[in-house]
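Take a look at the structure set out below.
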Amino acid sequence: MTLQTTLRVSRFNPEEQRSYWQEYTLDVEPQYTVLDALIKIREYEDGSLGLRCSCRSSICGSCAIRINGHATLACKTKLRSLASGGRHVTVEPLGNLPIIKDLVVDMTSHWNKVMAVKPWLQPQGPEPEHEYIAPNETMLHLAGVMSCIMCGACVGDCTVLQVDPNFLGPAALAKAYRFVGDPRDAAGKERLKALNRYGGIWDCTRCYECVQACPKGVAPMERIMALRDKAIEVGFDNTYGARHTIAFGEILEHAGRLDELRLPIKTFGMFNFIQMLQLLPVGLRALMRGKMPPVFHKPIPKAENVRRIFKKMESKR
Amino acid sequence: MKYAFFPGCVSRGGCPELYPAALEVSKRLGIELEEMVGASCTGAGVLQEKNQKLGDTLNARNFALAEKAGLPIMTICSTCQGVMSQAYKRLQDEGPAYLAEINSVLAEEGLEYKGTSEAKHLLWIIVEDVGIEKLRALVVRPLKGLKVAPFYGCYIVRPTKSLDFEEHPERQTSLETVIDALGAEVVDFPGKTRCCGFPILTINERNSVSMVANHTSDAKSLGADAMVTPCPLCHLNLDGYQPKASAMRHTKIDLPILHLPQLVGLAIGLDPKALGLSRHIIPTTRILSKIAVPA
Ligand code: SF4
Ligand code: SF4
Ligand code: FES
Numbered sequence: 000m001t002l003q004t005t006l007r008v009s010r011f012n013p014e015e016q017r018s019y020w021q022e023y024t025l026d027v028e029p030q031y032t033v034l035d036a037l038i039k040i041r042e043y044e045d046g047s048l049g050l051r052c053s054c055r056s057s058i059c060g061s062c063a064i065r066i067n068g069h070a071t072l073a074c075k076t077k078l079r080s081l082a083s084g085g086r087h088v089t090v091e092p093l094g095n096l097p098i099i100k101d102l103v104v105d106m107t108s109h110w111n112k113v114m115a116v117k118p119w120l121q122p123q124g125p126e127p128e129h130e131y132i133a134p135n136e137t138m139l140h141l142a143g144v145m146s147c148i149m150c151g152a153c154v155g156d157c158t159v160l161q162v163d164p165n166f167l168g169p170a171a172l173a174k175a176y177r178f179v180g181d182p183r184d185a186a187g188k189e190r191l192k193a194l195n196r197y198g199g200i201w202d203c204t205r206c207y208e209c210v211q212a213c214p215k216g217v218a219p220m221e222r223i224m225a226l227r228d229k230a231i232e233v234g235f236d237n238t239y240g241a242r243h244t245i246a247f248g249e250i251l252e253h254a255g256r257l258d259e260l261r262l263p264i265k266t267f268g269m270f271n272f273i274q275m276l277q278l279l280p281v282g283l284r285a286l287m288r289g290k291m292p293p294v295f296h297k298p299i300p301k302a303e304n305v306r307r308i309f310k311k312m313e314s315k316r
Numbered sequence: 000m001k002y003a004f005f006p007g008c009v010s011r012g013g014c015p016e017l018y019p020a021a022l023e024v025s026k027r028l029g030i031e032l033e034e035m036v037g038a039s040c041t042g043a044g045v046l047q048e049k050n051q052k053l054g055d056t057l058n059a060r061n062f063a064l065a066e067k068a069g070l071p072i073m074t075i076c077s078t079c080q081g082v083m084s085q086a087y088k089r090l091q092d093e094g095p096a097y098l099a100e101i102n103s104v105l106a107e108e109g110l111e112y113k114g115t116s117e118a119k120h121l122l123w124i125i126v127e128d129v130g131i132e133k134l135r136a137l138v139v140r141p142l143k144g145l146k147v148a149p150f151y152g153c154y155i156v157r158p159t160k161s162l163d164f165e166e167h168p169e170r171q172t173s174l175e176t177v178i179d180a181l182g183a184e185v186v187d188f189p190g191k192t193r194c195c196g197f198p199i200l201t202i203n204e205r206n207s208v209s210m211v212a213n214h215t216s217d218a219k220s221l222g223a224d225a226m227v228t229p230c231p232l233c234h235l236n237l238d239g240y241q242p243k244a245s246a247m248r249h250t251k252i253d254l255p256i257l258h259l260p261q262l263v264g265l266a267i268g269l270d271p272k273a274l275g276l277s278r279h280i281i282p283t284t285r286i287l288s289k290i291a292v293p294a
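In the order they appear, the protein sequences are chains A and B.
For the first sequence, numbering that gives the first Met the number 0 assigns the number 0 to the initial residue and increments by one for each residue that follows.
For the second sequence, numbering that gives the first Met the number 0 assigns the number 0 to the initial residue and increments by one for each residue that follows.
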């Protein structure tokens, strides 16, 4: 049974610097992936369609595009698995990267960011005679990140990269975790120091876009959270981000709930007048509309139970 | 249709208008609520950054409290919902030893989580339990001519594997379904499932406010009169920081942001004051006059 599908493809012609939508309607086999359909278009209907692919089996990472608004691998996405049974599909190049032609984007910034985290082992001491040995258990948690195929799907959907190209982004940060978490690597503190800066681990909004987009289950955001935890652990606890996380935990432990007045005060520091003044207009506007959080914050009833759980679970770590 | 009500921190803190609106709307929709006593914050994903098991224990404790009352939980915040859904999934999937370890901590206050009680957002309850037909029937003031952009909030749309989207595909378009049932016109825009920027507000305000500026001006340029969200954290940012977003873009964006129960409340005939519509940073008067309701 063949399936008729209409692909709405976002095109970009570099010579004329012109972007436009083009629709192709074609008959495909039921097991076709989006990539199969695109290749069929290029082979039989429109040889000018630019796309990138190689392995066709989710290994090389070259076919990442946006399908129905979300980044993924074209070769891993069956038409029939999509909404509308694959009859109408929107196809665009990855976001957050400059378009070279049609579905082909320039990955240079992505590679540069990966290089910026020094994605190689930096061991210390004399080189062992044979290979570096690491116990199995200490490497297992890296299996997930090691399956990254550098396709850039996560980068294409990252919320922060949309507004700030300086952000290292999910793929590079996941790669950073791969080495910070490696028991053979000795540059952990140095690495964390670099990742602690603007554009690093604290700039992520925790939006889960990268977790959702990644075709390999790398879950970059979760690696970023683990890096945050490690950064605080080795003593980088004085950024606004770290202070926010620490303050949040402290308030919750004490009261069982959030205190929206104390949180920014603890994050910025009581005597950080400049940051406090910047909060003032927003606070005043809120006050005028009767929207201010309560000044005297009551803990939840029996908050001692929450304190007990904190104590127990923190000591177990 | 009875639920253990988990209002979350923000509906009684930074968005105090949400709490009474949610209570009143639930009542009108026939959702009976028993507010949870002694439930803690979910950890909002922030606590989980540092210690996921601690977060799971706090959520298991909340689930156990609801279970004791024999009720499922109702949330009114995308973030509370998402964090609870994730915790629920982990408590199911991590195996009996994980649950047993957590239960041993809960046992000290006489609680046990058996894995039955689950959390549902009011948005899902409207679509799945109240039913869209019943909602339609309750509309006395159809929001005709009002163009409304949906804004979900990250945690109620991602990661899909903890949100049961396979079993409940209707959840993915629930907000549009509700807007439509109330008689308003849906303004579809790509930002609807994106991040509002709230989590980095105190860390990188410029980036956070840029996100507010993008979403509100995109929706506005597609003709939206208002935006509706099931997430009070999104509301805090999209409403509270919209003046800064406007200043950043040198233009007056002026897009009222409504909480889900406020939009429903308007259509089923509740008084705008009781819904707290005068308590927003971006005034809502223009949309009220558009649907001919005195402010
Ligand atoms: S979770 Fe962080 S890194 Fe991942 S897409 Fe969102 S902002 Fe980007
Ligand atoms: S983390 Fe996943 S989405 Fe990102 S580059 Fe690696 S494989 Fe692709
Ligand atoms: S073509 Fe290689 S990953 Fe898709």
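In this text, a Cβ means the ideal position worked out from N, Cα and C, and glycines have one as well.
Shortest alpha-carbon distance to residue i belongs to which of the options?
| i | options | result |
| --- | --- | --- |
| residue 241 of chain B | B:105, B:63, B:280, B:203 | B:280 |
| residue 165 of chain A | A:203, A:10, A:121 | A:203 |
| residue 311 of chain A | B:47, B:4, B:21, B:52 | B:52 |
| residue 126 of chain A | A:185, A:155, A:157, A:6 | A:185 |
| residue 17 of chain B | B:293, B:263, B:288 | B:263 |
| residue 30 of chain B | B:126, B:116, B:166, B:243 | B:126 |
| residue 115 of chain A | A:153, A:313, A:124, A:191 | A:191 |
| residue 63 of chain A | A:224, A:230, A:32, A:220 | A:32 |
| residue 206 of chain A | B:77, B:236, B:194 | B:194 |
| residue 11 of chain A | A:180, A:98, A:60 | A:98 |
| residue 293 of chain B | B:271, B:84, B:282, B:184 | B:271 |
| residue 229 of chain B | B:198, B:178, B:182 | B:178 |
| residue 118 of chain A | A:129, A:245, A:187 | A:187 |
| residue 189 of chain B | B:60, B:218, B:106, B:282 | B:218 |
Would you call residue i buried or exposed, if buried means 16 or more other Cβ atoms sit within 10 Å of its Cβ?
| i | result |
| --- | --- |
| residue 65 of chain A | buried |
| residue 154 of chain B | buried |
| residue 203 of chain B | buried |
| residue 136 of chain B | exposed |
| residue 71 of chain A | buried |
| residue 222 of chain A | buried |
| residue 142 of chain A | exposed |
| residue 102 of chain B | buried |
| residue 207 of chain B | buried |
| residue 314 of chain A | exposed |
| residue 50 of chain A | buried |
Keeping to the same chain, check which residues put their C-beta closer than 8 Å to that of residue i; ignore five residues upstream and five downstream.
| i | result |
| --- | --- |
| residue 56 of chain A | 74 |
| residue 360 of chain B | No information on residue 360 of chain B is available, as it lies outside the stretch 0 to 294 that chain B covers here. |
| residue 212 of chain A | 69, 70, 71, 152, 153, 155, 156 |
| residue 57 of chain B | 39, 40, 41, 42, 46 |
| residue 199 of chain B | 206, 207 |
Who does residue i pair with in a DSSP beta bridge?
| i | result |
| --- | --- |
| residue 74 of chain B | B:5, B:120 |
| residue 205 of chain A | Looking at the DSSP assignment, residue 205 of chain A forms no beta bridge with any residue, so it has no partner. |
| residue 147 of chain B | B:185, B:225 |
| residue 11 of chain A | A:18 |
| residue 87 of chain A | A:5 |
| residue 229 of chain A | Note: residue 229 of chain A sits in no beta bridge, so no partner. |
| residue 32 of chain A | A:77 |
| residue 238 of chain A | Per DSSP, none; premise fails for residue 238 of chain A. |
| residue 128 of chain B | Residue 128 of chain B is not bridged to any residue. |
| residue 69 of chain A | A:66 |
| residue 24 of chain A | A:5 |
| residue 191 of chain B | Bridge partners of residue 191 of chain B: none, in fact. |
| residue 116 of chain A | DSSP output for residue 116 of chain A lists no bridge partner at all. |
| residue 98 of chain A | A:104 |
What does a CB cutoff of less than 6 Å around residue i pick up in its chain, not counting 5 residues either side in sequence?
| i | result |
| --- | --- |
| residue 28 of chain B | 129 |
| residue 109 of chain A | 151, 154 |
| residue 7 of chain B | 76, 79 |
| residue 184 of chain B | 146 |
Using a Cβ-Cβ cut-off of 7 Å (strictly less than) and excluding sequence neighbours within five positions of residue i, which residues of its own chain qualify?
| i | result |
| --- | --- |
| residue 173 of chain A | 144, 147, 217, 219, 222 |
| residue 113 of chain B | 66 |
| residue 183 of chain A | 120, 122, 131, 133 |
| residue 266 of chain B | 138, 140, 141, 142, 181, 182 |
For ligand 5, I want to know if residue i counts as a neighbour, meaning its beta carbon is within less than 7 Å of at least one of the ligand's heavy atoms.
| i | result |
| --- | --- |
| residue 217 of chain A | Ligands present in the displayed structure are limited to ligand 1, ligand 2 and ligand 3, and ligand 5 is not among them. |
> For the region 93–122 of chain A, which residues have a CB atom closer than 7 Å to at least one CB atom of chain E, in sequence order?
Replying inline: Judged by its chain identifiers, the structure shown contains no chain E, and its protein chains are A and B.
Give the list of continuous beta strand (DSSP E) stretches no shorter than 3 residues that lie fully inside the region 14–61 of chain B.
Here the runs fully enclosed are 31–34.
Report the start-end ranges of each beta strand (DSSP E) in the region 234–288 of chain B that is 3 residues or longer and not cut off at the edges. Fully enclosed beta strand (DSSP E) runs of 3 or longer: 256–258.
- Which full runs of the alpha helix (DSSP H) of 4+ residues lie inside the region 147–202 of chain A, going along the chain? 152–156, 158–162, 169–179, 187–194, all fully within the region 147–202 of chain A.
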